[in-house]
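Numbering (our numbering), first residue to last: 182 to 540. All C-beta atoms, glycine included, are put in the ideal place defined by N, C-alpha and C.
Pasting the structure below:
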């Protein structure tokens, strides 16, 4: 082991996809942006295809290309309009496009090519999407053109916290599309959180992101049916005996209150392990929690192993369970220590850490 490994669990990932399919009763579109939430795009696509997932959503053309390289017949939805200068790459790689602006739709029409598009409605997120009062106009423009309308969609701002607001967005969405014929179109509004609400069965696809990787974000819990898919392990690379009163790491942020044995591990914020994990953060060594001592550095962390029988190269758990199964560090724990969200923890995991599949 050099720096450490990210262990991605195939069995847990497939379990999650199958469970989410049962809950939603709809076609799954697996969101694999940001390197599939840190798990690896090609790994996620390959395993998702084993259980019948054919749709994938991405944030960039490069991500879409990676999906197509793994399975050319996959349907890949780009979640926002790219620059007009990238239209040839869209066509070359057969990507579906999310569209919402009059000028971009006009640019697509002007090419004369039959791009596959999904018209997005802004129902309250106020980020991207056409306003409801422009929907009919854009819908007809697309239908009367060389473009192929494949779907209609929206995105919810409060799906993980407010069921009532999500219902209001659904009502607005349904009212907006009520005057048009949506037969043979994909209608997708739900994300990982709102899928558990089952607020409307008339839609036929859900976009599943973080839940596929075992992270519980919906107020309606899965009762442990969603399983974490990522563990991170590293090793002890150095041990030092330091005296009470000595300072440790950058800024001398920690003054030792006792004689201590300080371990170093070769993982840091350059690997995606957050800088703010100190002072609350912990690791697991020999089935014991060990508190971080001093600031996280770019390539290394320090933690207190006083009283433990340890040596260089002993395993260190950054994320996941202890060997005896009694202790656990979850993605939510790391997010809480850093006053951030689970999405940021997962997507920041660097490619310096090798991904290894386990079952």
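Rounded C-alpha distance that separates residue 248 from residue 217
Along the chain shown, one-based indexing puts residue 248 at 67. Along the chain shown, one-based indexing puts residue 217 at 36. Cα to Cα, residue 248 sits roughly 11 Å from residue 217.
Need the endpoints of the beta strand (DSSP E) that residue 472 sits in, please.
Along the chain shown, read from residue 1 onward, the residue named residue 472 stands at position 291. Bounds of the beta strand (DSSP E) holding residue 472 are 469–472.
Own chain residues within Cβ distance below 8 Å of residue 255, not counting five before or after
Within the chain shown, the letter at position 74 stands for residue 255. Hits under 8 Å: 226, 230, 235, 236, 237, 248, 249.
Distance between residue 427 and residue 349 (C-alpha atoms, nearest Å):
Residue 349 sits at position 168 when you count from the first residue of the chain shown. Residue 427 sits at position 246 when you count from the first residue of the chain shown. Each residue's alpha carbon lies about 58 Å from the other.
Give the DSSP bridge partners of residue 497, in chain order.
Position 316 of the chain shown, counting from 1, holds the residue named residue 497. In the DSSP output, where bridge partners are listed per residue, residue 497 has 415.
When DSSP labels each residue in this structure, what does residue 423 get in the three-state scheme?
Counted from its first residue, the chain shown places residue 423 at position 242. Residue 423: strand per DSSP, three-state reduction.
Going by DSSP, what residue range makes up the alpha helix (DSSP H) through residue 202?
Reading the chain shown from its first residue, position 21 is the one you call residue 202. Segment 191–205, the alpha helix (DSSP H) holding residue 202.
Among 303, 418, 343, 470, whose alpha-carbon lies nearest the alpha-carbon of residue 182?
As a working mapping, residue 182 is identified with position 1 in the chain shown. Selected option, being the one with the closest Cα: 418.
Is the segment 482–500 close to the segment 447–459, with three or more CB pairs under 8 Å?
For the pair of segments examined, the segment 482–500 was found to touch the segment 447–459: the number of CB pairs separated by less than 8 Å reaches three.
Apart from the five residues on each side of it in sequence, which residues of its chain come closer than 6 Å, Cβ to Cβ, to residue 435?
For this step, residue 435 is matched to residue 254 along the chain shown. Closer than 6 Å at Cβ, skipping near neighbours: 429, 474, 475.
Do you know offhand how far residue 379's Cα is from residue 232's?
Counting from one through the chain shown, the residue named residue 379 turns up at place 198. Counting from one through the chain shown, the residue named residue 232 turns up at place 51. If I take the Cα positions, the gap works out to 22 Å.
Go ahead and label residue 228 buried or exposed: buried means 16 or more other beta carbons lie within 10 angstroms of its beta carbon, across all protein chains shown.
Working through the chain shown from its first residue, we reach residue 228 at position 47. Looking at its Cβ environment, which holds 16 or more other Cβ atoms inside 10 Å, residue 228 is buried.
CB-CB under 8 Å to residue 366, same chain, minus the five flanking residues each way: which ones, in chain order?
Numbered from its first residue, the chain shown carries residue 366 at position 185. So the qualifying residues of the chain are 330, 331, 332, 333.
In terms of DSSP beta bridges, what is residue 277 paired with?
By one-based count along the chain shown, residue 277 stands at place 96. Per DSSP, 258.
Following the continuous alpha helix (DSSP H) through residue 226, name the residue where it begins and the one where it ends.
On the chain shown, residue 226 is found 45 positions in, with the first residue counted as 1. Element bounds for residue 226: 222–231.
According to DSSP, simplified to helix, strand and coil, what is residue 212?
The residue you call residue 212 lines up with position 31 of the chain shown. Strand at residue 212.
By DSSP's criteria, residue 236 is part of a beta bridge. Which residues make up the other side?
Sequence index remark: in the chain shown, residue 236 carries index 55 (1-based). Looking at the DSSP assignment, residue 236 forms a beta bridge with 210, 256.
Where the beta strand (DSSP E) through residue 301 begins and ends:
Taking the chain shown and counting its residues from 1, the one referred to as residue 301 is at position 120. Unbroken beta strand (DSSP E) run through residue 301: 297–301.
Just to confirm the assignment, what range does the alpha helix (DSSP H) spanning residue 433 have?
Translated into the one-based positions of the chain shown, residue 433 becomes position 252. Residue 433 -> no alpha helix (DSSP H), and no H or E assigned at all.
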